[in-house]
Amino acid sequence: MDLVTPEKVALRAGVPAPLEADDRAAIEEAIEDALDEAAAHLGRSPLPETFTQRGAVPDGRGGWLLDHDPVIEVLSATAELHPVTREATGSYTIVYRAGLDPETDRRYGRVLRRFVTAAAAANPVVRRIAQAKGTRIITRVNVEGQGVDYETGQVAAGSGVAGAPPTLADLDAWVAHTVYQAPGRAPHPIETGAAWL
Numbered sequence: 003m004d005l006v007t008p009e010k011v012a013l014r015a016g017v018p019a020p021l022e023a024d025d026r027a028a029i030e031e032a033i034e035d036a037l038d039e040a041a042a043h044l045g046r047s048p049l050p051e052t053f054t055q056r057g058a059v060p061d062g063r064g065g066w067l068l069d070h071d072p073v074i075e076v077l078s079a080t081a082e083l084h085p086v087t088r089e090a091t092g093s094y095t096i097v098y099r100a101g102l103d104p105e106t107d108r109r110y111g112r113v114l115r116r117f118v119t120a121a122a123a124a125n126p127v128v129r130r131i132a133q134a135k136g137t138r139i140i141t142r143v144n145v146e147g148q149g150v151d152y153e154t155g156q157v158a159a160g161s162g163v164a165g166a167p168p169t170l171a172d173l174d175a176w177v178a179h180t181v182y183q184a185p186g187r188a189p190h191p192i193e194t195g196a197a198w199l
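In my numbering, the protein residues as written are 3 to 199.
Here's what the structure looks like:
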């Protein structure tokens with residue numbers, strides 16, 4: 003699955019088509035950087051991954067107790083055997099695909115595609131390629147020794163104005179929230195000296 007193609011990024015950045023091999027490689031790297039940035043913000047991969055989990059047990063409702071969610075599909079379930087007796091242990095080795103899926107969640111797919119395209123097009127390497135190919139990005143004005151550089155037609159990211167580039171905040175609805183509780187029994191309030199409520 004190609005979430006974002008180098009051609010789409012090139013079109014947005016103003017790089018003329020067809021792409022040369024070096025330009026394509028640089029744009030593909032910018033797309034990977036944008037996906038990595040999204041993964042860091044989301045706390046998980048922005049695209050589905052394949053996992054292998056040993057020792058999985060049925061959940062009693064026709065499914066499995068698996069470590070990663072949401073589960074997209076179970077690819078295989080192999081019964082585990084005791085190493086000595088070769089009898090079934092009741093546990094299974096499950097190979098499955100799980101995670102955020104831009105193909106099945108159309109809203110997420112649109113937001114992720116828009117962010118990755120904009121972030122890759124704004125990558126400094128891609129901007130330099132566009133400028134080297136003749137796309138005018140920087141305008142310089144100098145008056146009496148004082149100068150200013152600015153980009154024409156660029157709306158501030160996250161400003162809410164039509165055409166403004168997306169930000170990582172657009173992906174907030176899909177951020178993984180991690181909750182951790184130490185294993186074992188929590189101490190009784192009388193053991194800690196904490197006040198009873």
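Backbone N, C-alpha and C define an ideal beta-carbon position, used for all residues, glycine too.
Span of the alpha helix (DSSP H) holding G111? Segment 108-123, the alpha helix (DSSP H) holding G111.
Closest by CA to P104, which one among P50, V143, A175? Nearest of P50, V143, A175 to P104, Cα basis: P50.
If you reduce the DSSP assignment to three classes, tell me which class L5 lands in. Coil, per DSSP.
Using a Cβ-Cβ cutoff of less than 6 Å, which residues in the same chain neighbour A79 once the five nearest sequence positions on both sides are dropped? Residues Y94, I96 of the same chain have their beta carbon placed closer than 6 Å to that of A79, with the five preceding and five following residues left out of the count.
Contacting residues, own chain, Cβ-Cβ under 7 Å from G111 (five flanking each side not counted): Counting only Cβ-Cβ distances below 7 Å, and skipping sequence neighbours, we find P104, E105.
Could you say which of L170, T137, A171 lies nearest to G16 if we only look at CA atoms? Of L170, T137, A171, the residue nearest in Cα terms is T137.
Where are the beta strand (DSSP E) runs, 3 residues long or more, that stay fully inside the stretch 28-106, in chain order? For the stretch 28-106, whole beta strand (DSSP E) runs of length 3 or above, ordered along the chain, are 51-58, 73-83, 90-100.
Alpha carbon to alpha carbon, how far is D69 from D174? C-alpha separation (whole angstroms): 22 Å.
First and last residue of the alpha helix (DSSP H) that includes V128? From DSSP, the alpha helix (DSSP H) with V128 extends over 126-134.
Assigned secondary structure, V145 (DSSP; H/G/I helix, E/B strand, else coil): Strand at V145.
Secondary structure of V279, DSSP reduced to three states: Outside the modelled stretch of the chain, which goes from 3 to 199, sits residue 279, for which no answer is possible.
CA nearest to the CA of L5, picked from N125, L102, V127, R129: If you compare the alpha carbons of N125, L102, V127, R129 with that of L5, the shortest gap goes to L102.
Report the rounded CA-to-CA distance for R63 versus A19, giving the unit in angstroms. Inter-residue distance for R63 and A19 is about 53 Å (C-alpha atoms, whole angstroms).
If you count every other CB in all the chains shown that lies within 10 Å of the CB of R129, and 16 or more means buried, which is it? It is buried - the Cβ of R129 has at least 16 other Cβ atoms within 10 Å.
Assign V118 to buried or exposed, taking buried as 16 or more other Cβ atoms, counted over all protein chains shown, within 10 Å of its Cβ. That one is buried.
Using DSSP with H/G/I as helix, E/B as strand and the rest coil, what is V11? Here V11 sits in helix by DSSP.
Inter-residue spacing [alpha-carbon to alpha-carbon] between W66 and E31: Their Cα atoms are separated by approximately 37 Å.
Output needed for K10: all residues of its chain with C-beta closer than 6 Å, excluding positions within five of it in sequence on either side, in chain order. Here the set comprises T119.
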